[in-house]
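Enquirer:
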Ligand code: NAD
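Right under this line is the structure:
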C-alpha cells in the first residue's frame, strides 16, 4: 500500500474506523487508471458491528428518543455543512466516478437539497383518525421501520446517499449504508461531516466493501428492519431474496431503457439539446438515461440528421477537462459497452454518428465515444438492454398508437418523455406510458428531489424522493380505542 494516498474510514457508532481485518480496496481514477486512495474492505464482522450500533441508537440511544423537530434541525445542519464543503465534495466525486466536474457540482447541490428538504419535512408527517362504528376512536401513527440497510451504486453515490439517508433519518430510522466499492469516497467523507453536524452515535453508519461480502452480509442480517437498494436488476433480485428470508420489506430502484418520444409538432430546436443531454449525462451511466429516441416518421430524416450533427461534435475526456463526457467508471463497464457496439456492427445496425475521444486523453482511462444508431431493430439487444453508456438508439414511429407500443416494448419502466405541442396528446401519452415518471417537453428536473421516483416492471418497486420517500421509510400503526363507559 502506498502511504501517500488517503485511506478513508468506515463510520460505525459515531467513530471513524478501519475494517476489523485491516483490509483495503484500491480506489482507481477512471480518467487515468491510477490508484489515488484506499477504502476499507469490510467483512461480515464489520457489518454486524454497524448493525448493532444502529440497533442500539434506535432502541436505546439518544437518536431513538429524539423528537422529529430535533432530527430536522440536525439534518438542516448537515445540509449547510455539505454546502460549505461543496467544491471539495464535487472534486472528490468527479475524480472518483469520472463524471465531469459540472455534473458532480450539480450532484452535490442536489445532495444538500435532499437534506434540506427532508429536514423541513421531518416534523410534518402525520397519522390519521378513522371513523368506525360504535364507541371506537381509531388513530394511525406513522412509525419508523427501525434499522434501515441502504445499498447504493457507483454512478451517483452522493445523490443516492442523500435521497436514502435523508428520508430514512428524517423519519427517525437509524441507518447502515453499504456504498459501492467502485466509487464511494464522497459517501465516506459525508460520514465524517455527519459527525461534525452533531448526528448522534449510531444513527448513521457507513461500511464500505464488496457487494458479495459486505453487501450480502447486510441484506441477510436479521436485525435490519427494512432495505433500500439501488443498483442492477440482477443484484436487486438477490437483495429481495435475502430480505425475504427474514420477511423484510425492500424498495428496489433498478435499471431503465427510457424512451423520449418526439412528434412533428414539437419545438424541435428546444428538444434537441435536452434529448442529447438525457443520454450523455454521466456518460450514459444513469438509470433514467433517455437511451431511446422515438421520432415521428414525417420528421425522422430531418431530426435524426440534426441529432447526428450534434452527436458528431461531442467530446469525451478526463473528468476535469470541461468536456461533454468523462470516462466510464471501470474497465469492466467499458468492455460491456464495447461489446454492445461490436454486436451492433455485426448486426449491421446503422451508425448515424459518433463523437470523439480527445487526442491527449490518458491511455489508461476508460473512454468511449458517444454514438447514435438509427432505425434500430426494436427487439435487438441495442434496443432492449440497458447499456449504461452514451449510446442512443433512434426509431421512427407512424402514429401515437405505434409510439406507445414502441415505448412500452421494454422490460423496464423508469422514465419517459413526450415532446408535442398538442395538450390532449400530452395527457394521452403520459397516461399510456408505463413508467414511474413521464416528462412533457422536458427531461429531468434538476435531481427532482421533491418528486416521487421509482419504476414499473424490472425498474423496481417502491418510491424514493419527495414525501413518498418518507412514507416508504415508515410504517403504519393503527391504535383502536374503545371509549365505551
Ligand atoms: P450493482 O447491482 O452491481 O451494485 C449496486 C450495489 O449493490 C453496490 O453497492 C454493490 O456493492 C452491491 N452489491 C453487489 N452484489 C451484491 C449482493 N450480492 N448483495 C448485496 N449487495 C450487493 O449495480 P451497479 O453496477 O453498481 O449500478 C448500476 C445499476 O444500477 C444499473 O442497472 C442502473 O440502472 C442502476 N441504478 C438505478 C438507479 C435508480 O434509482 N433506479 C439509480 C442508479 C443506478
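Residue numbers (the working numbering): 598 to 1082. For every residue, glycine included, the Cβ atom is placed at its ideal position computed from N, Cα and C. Because the structure is a prediction, the values reported are computed rather than measured.
1) For residue 783 and residue 693, which I take to be in contact (beta-carbon distance under 8 Å), what is that distance rounded to the nearest angstrom?
2) Do you know whose CA, among 865, 1047, 935 and 952, lies nearest residue 906's CA?
3) Could you pull the DSSP bridge partners for residue 614 from this structure?
4) Nearest-angstrom Cα distance between residue 719 and residue 930?
5) For residue 842, is the classification buried or exposed, using 16 other Cβ atoms within 10 angstroms of its Cβ as the cut-off for buried?
6) In three-state terms, what does DSSP make of residue 601?
7) Expressed to the nearest angstrom, what Euclidean distance is found between the alpha-carbon atoms of residue 695 and residue 626?
8) Considering only their Cβ atoms, is the gap separating residue 1017 from residue 826 smaller than 8 Å?
9) When DSSP labels each residue in this structure, what does residue 999 get in the three-state scheme?
10) To the nearest angstrom, how far is the alpha carbon of residue 771 from that of residue 941?
11) Taking C-alpha atoms, which residue in 922, 1056, 923 and 604 lies nearest to residue 831?
12) Tell me whether residue 775 counts as near the ligand NAD, meaning its Cβ is closer than 7 Å to at least one heavy atom of that ligand.
13) Consider the C-beta atom of residue 750 and the heavy atoms of the ligand NAD; say whether any pair is separated by less than 7 Å.
14) Looking only at its own chain, which residues have a Cβ that is under 7 Å from the Cβ of residue 1019, when we skip the five neighbours before and after it?
15) Within 10 angstroms of its Cβ, does residue 767 collect 16 or more other Cβ (buried), or is it exposed?
16) Is residue 644 near the ligand NAD, going by C-beta to nearest heavy atom under 7 Å?
17) What does the alpha-carbon distance come out to for the pair residue 943 and residue 933?
18) At a cut-off of 7 Å, would you count residue 753 as near the ligand NAD, judging by its Cβ distance to the nearest heavy atom?
19) Quick check: the region 987 to 1000 against the region 966 to 977, are there 3 or more CB pairs under 8 Å?
20) Could you say if the region 633 to 652 and the region 805 to 815 meet the contact criterion of at least three C-beta pairs nearer than 8 Å?
21) Along the chain, where does the beta strand (DSSP E) that runs through residue 993 open and close?
22) Quick check on residue 635: does DSSP put it in helix, strand or coil?
23) Please look up how many angstroms separate the CB atoms of residue 1010 and residue 1052, rounded, as I've assumed it's under 8 Å.
24) Helix, strand or coil: how does DSSP classify residue 1037 here?
25) Less than 8 Å between the beta carbons of residue 608 and residue 801, yes or no?
26) Would you mind listing the beta strand (DSSP E) stretches within the region 846 to 911 that are 3+ residues and don't spill past its ends, in chain order?
27) Would you call the CB atoms of residue 708 and residue 755 closer than 8 Å?
28) Could you tell me the alpha carbon to alpha carbon distance between residue 591 and residue 981, rounded to whole angstroms?
29) Could you tell me the boundaries of the alpha helix (DSSP H) in which residue 677 lies?
30) Among 927, 662, 899 and 897, which one has its Cα closest to the Cα of residue 797?
31) Under 8 Å: do the region 839 to 855 and the region 668 to 678 share three or more Cβ pairs, one atom per stretch?
32) Cβ of residue 814 within 8 Å of Cβ of residue 641?
33) So residue 914 and residue 955 are in contact, right, with Cβ under 8 Å, and what is the actual spacing, rounded?
34) Whole angstroms is fine: what's the gap from residue 852's alpha carbon to residue 885's?
35) Apart from the five residues just before and just after residue 741, which ones in its own chain have a Cβ nearer than 6 Å to its Cβ?
36) State the CB to CB distance for the pair residue 701 and residue 690, rounded to an integer number of angstroms; the pair is presumed to be in contact (CB under 8 Å).
Expert: Reading off the structure:
1) Here residue 783 is taken as the residue at index 186 of the chain shown, counted from 1. Here residue 693 is taken as the residue at index 96 of the chain shown, counted from 1. Contact check for residue 783 and residue 693: beta-carbon distance about 7 Å, within the 8 Å limit, so the pair qualifies.
2) The sequence position of residue 906 within the chain shown is 309, counting from 1. Among 865, 1047, 935 and 952, the Cα nearest to that of residue 906 is on 952.
3) In the chain shown, residue 614 corresponds to position 17, counting from 1. Residue 614 is bridged to 607.
4) Start at 1 with the first residue of the chain shown, and residue 719 comes out as number 122. Start at 1 with the first residue of the chain shown, and residue 930 comes out as number 333. Taking the straight line from one Cα to the other gives about 38 Å.
5) As a first step, residue 842 is located in the chain shown; it is residue number 245 there, counting from the start. Flag for residue 842 reads exposed.
6) Counting from one through the chain shown, the residue named residue 601 turns up at place 4. In the structure shown, residue 601 sits in coil (DSSP, three-state: anything other than H, G, I, E or B).
7) On the chain shown, residue 695 is found 98 positions in, with the first residue counted as 1. On the chain shown, residue 626 is found 29 positions in, with the first residue counted as 1. If I take the Cα positions, the gap works out to 7 Å.
8) Locating residue 826 in the chain shown gives position 229, where the first residue counts as 1. Locating residue 1017 in the chain shown gives position 420, where the first residue counts as 1. 8 Å or more divides the Cβ of residue 826 from the Cβ of residue 1017.
9) The count along the chain shown starts at 1 and reaches residue 999 at position 402. Helix, per DSSP.
10) The sequence position of residue 771 within the chain shown is 174, counting from 1. The sequence position of residue 941 within the chain shown is 344, counting from 1. Taking the straight line from one Cα to the other gives about 47 Å.
11) To locate residue 831, count along the chain shown from 1; it is residue 234. It is 1056.
12) The sequence position of residue 775 within the chain shown is 178, counting from 1. Yes, the ligand NAD has a heavy atom inside 7 Å of this Cβ.
13) As a working mapping, residue 750 is identified with position 153 in the chain shown. Residue 750: yes, Cβ under 7 Å from the ligand NAD.
14) Translated into the one-based positions of the chain shown, residue 1019 becomes position 422. Around residue 1019: 862.
15) If you number the chain shown from 1, residue 767 lands on position 170. So residue 767 counts as buried.
16) As a working mapping, residue 644 is identified with position 47 in the chain shown. No - the ligand NAD has no heavy atom lying nearer than 7 Å to the Cβ of residue 644.
17) If you number the chain shown from 1, residue 943 lands on position 346. If you number the chain shown from 1, residue 933 lands on position 336. In a straight line, the C-alpha of residue 943 is about 16 Å away from that of residue 933.
18) Indexing the chain shown from 1 puts residue 753 at position 156. Correct: residue 753 has its Cβ closer than 7 Å to the ligand NAD.
19) yes
20) Between the region 633 to 652 and the region 805 to 815 there are three or more C-beta pairs closer than 8 Å, enough to call the two in contact.
21) Sequence index remark: in the chain shown, residue 993 carries index 396 (1-based). Segment 988 to 994, the beta strand (DSSP E) holding residue 993.
22) Reading the chain shown from its first residue, position 38 is the one you call residue 635. Strand at residue 635.
23) By 1-based counting over the chain shown, the position of residue 1010 is 413. By 1-based counting over the chain shown, the position of residue 1052 is 455. Approximately 6 Å separates the beta-carbon atoms of residue 1010 and residue 1052; this is inside 8 Å, confirming the contact.
24) On the chain shown, position 440 is the one that residue 1037 refers to. Here residue 1037 sits in strand by DSSP.
25) Against the chain shown, residue 608 aligns to sequence position 11. Against the chain shown, residue 801 aligns to sequence position 204. Yes, these two residues count as a Cβ contact at 8 Å.
26) 846 to 850, 856 to 859 and 889 to 893
27) On the chain shown, position 111 is the one that residue 708 refers to. On the chain shown, position 158 is the one that residue 755 refers to. Contact flag set, yes.
28) Examination of residue 591 is not possible in this model, given that the chain is present from 598 through 1082 alone.
29) The sequence position of residue 677 within the chain shown is 80, counting from 1. Counting along the chain, the alpha helix (DSSP H) containing residue 677 begins and ends at 665 to 681.
30) Walking along the chain shown from the start, residue 797 turns up at place 200. Of 927, 662, 899 and 897, the residue nearest in Cα terms is 662.
31) no
32) For the purposes of this step, residue 814 is taken as the residue at position 217 of the chain shown. For the purposes of this step, residue 641 is taken as the residue at position 44 of the chain shown. Yes; because the gap between Cβ atoms is below 8 Å, this pair is in contact.
33) Translated into the one-based positions of the chain shown, residue 914 becomes position 317. Translated into the one-based positions of the chain shown, residue 955 becomes position 358. Confirmed, about 4 Å.
34) Here residue 852 refers to the residue found at position 255 when the chain shown is read from its first residue. Here residue 885 refers to the residue found at position 288 when the chain shown is read from its first residue. Those two C-alpha atoms are separated by around 7 Å.
35) As a first step, residue 741 is located in the chain shown; it is residue number 144 there, counting from the start. Closer than 6 Å at the Cβ level, and outside the excluded window around residue 741, lie 768, 769, 770 and 1071.
36) Translated into positions along the chain shown, residue 701 becomes position 104. Translated into positions along the chain shown, residue 690 becomes position 93. The pair is a contact, with the Cβ atoms about 4 Å apart (cut-off 8 Å).
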